[in-house]
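Read the structure below first, then the notes.
Quick look at the structure:
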């Protein structure tokens, strides 16, 4: 097997906010091509960790490398896509089509007022197709369901060809049936396009058969390993880590 490169390396990372340690001594390596589910209770530091990875916060100690380069020197941000929680801050009354919203993901490459050529259009259509919205490309984003809007924002992140896609609880406000197909779409992007994914989620039970790895964060990194190893952890061990009872598995495996 060809050796995979680490896409993210976090070493001895500590982040303090108002003299309160939010993250303490985090060590985590994420290999290229993996699909990591990042779980943890509210206030466990998940969003802080994402902000450190996106270069928005500077940790007080420790080191982060992206694509084997120190984050402080890292310039290739177009290789990192980010989708926030139900991009709910987005004004859905805004008169823009799916195509236009996805196109806006190219501005960093094109510069703001450059005209799109045929190749760019093709790219936008491919990103829309990758998230299964081809037949809605001309629809106004305000007319879409929550799940379809979220797919649009993923397409917008995909259009600049990221190697790493970070999603912060993207299924907030999306109904259960849609969530299932949404995770299947992410799994497909991971397997077919080889994009490394980090998914922050509360929804452990739904994703444990979709992701390749799980990391449990609660100020410290309590667990990082393959999803099969995670499924083998007993409920009571997890409850201890979460501080309240938690039932992980909703799907039974044949014994």
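Residue numbers (the UniProt record's numbering): 1 to 255.
All residues carry an ideal CB built from backbone N, CA and C; glycine is no exception.
Taking one beta carbon from each stretch, the stretch 218 to 235 and the stretch 41 to 48 have 3 or more pairs nearer than 8 Å; the two touch. Rounded to the nearest whole angstrom, the C-alpha separation of residue 143 and residue 97 is 9 Å. Note on geometry: alpha-carbon atoms of residue 149 and residue 14 lie some 35 Å from one another. It is roughly 16 Å from the alpha-carbon of residue 205 to the alpha-carbon of residue 224. Beyond the five residues adjoining it in sequence on each side, residue 60 comes within less than 7 Å, by CB distance, of 14, 15, 16 in the same chain, given in chain order.
The straight-line gap separating the alpha-carbon atoms of residue 124 and residue 20 is approximately 43 Å.
Contact between the stretch 64 to 79 and the stretch 180 to 193 is absent: fewer than three C-beta pairs spanning the two stretches fall below 8 Å.
If you look at residue 136, you'll find it isn't in any beta strand (DSSP E); DSSP assigns it neither H nor E.
DSSP places residue 223 in the strand class (E or B) of the three-state scheme. Within its own chain, the residues whose Cβ lies closer than 6 Å to the Cβ of residue 24, once the five positions on either side in sequence are excluded, are 14, 219, 220, listed in chain order.
Checking the DSSP bridge columns, you'll see residue 21 partnered with 16. Counting C-beta pairs closer than 8 Å gives fewer than three between the stretch 117 to 136 and the stretch 163 to 175, which falls short of the contact rule. As DSSP reads the structure, residue 215 sits in a beta bridge with 38, 224.
At the C-beta level, residue 151 and residue 185 come within 8 Å of one another. Apart from the 5 residues on each side of it in sequence, residue 195 sits with its Cβ closer than 6 Å to the Cβ of 165, 189 in its chain, given in chain order. Take residue 154, set aside five residues on each side of it, and the residues of its chain with a beta-carbon closer than 6 Å to its own are 83, 131, in chain order. If you check the CB distance, residue 229 and residue 200 do not come in under 8 Å.
With respect to the 8 Å criterion, residue 141 and residue 172 are not classified as neighbours on the basis of their beta carbons. Closest option to residue 39, judged by alpha-carbon separation, among 70, 203, 69: 203.
In this structure, DSSP gives residue 61 an extended state, which the three-state scheme calls strand.
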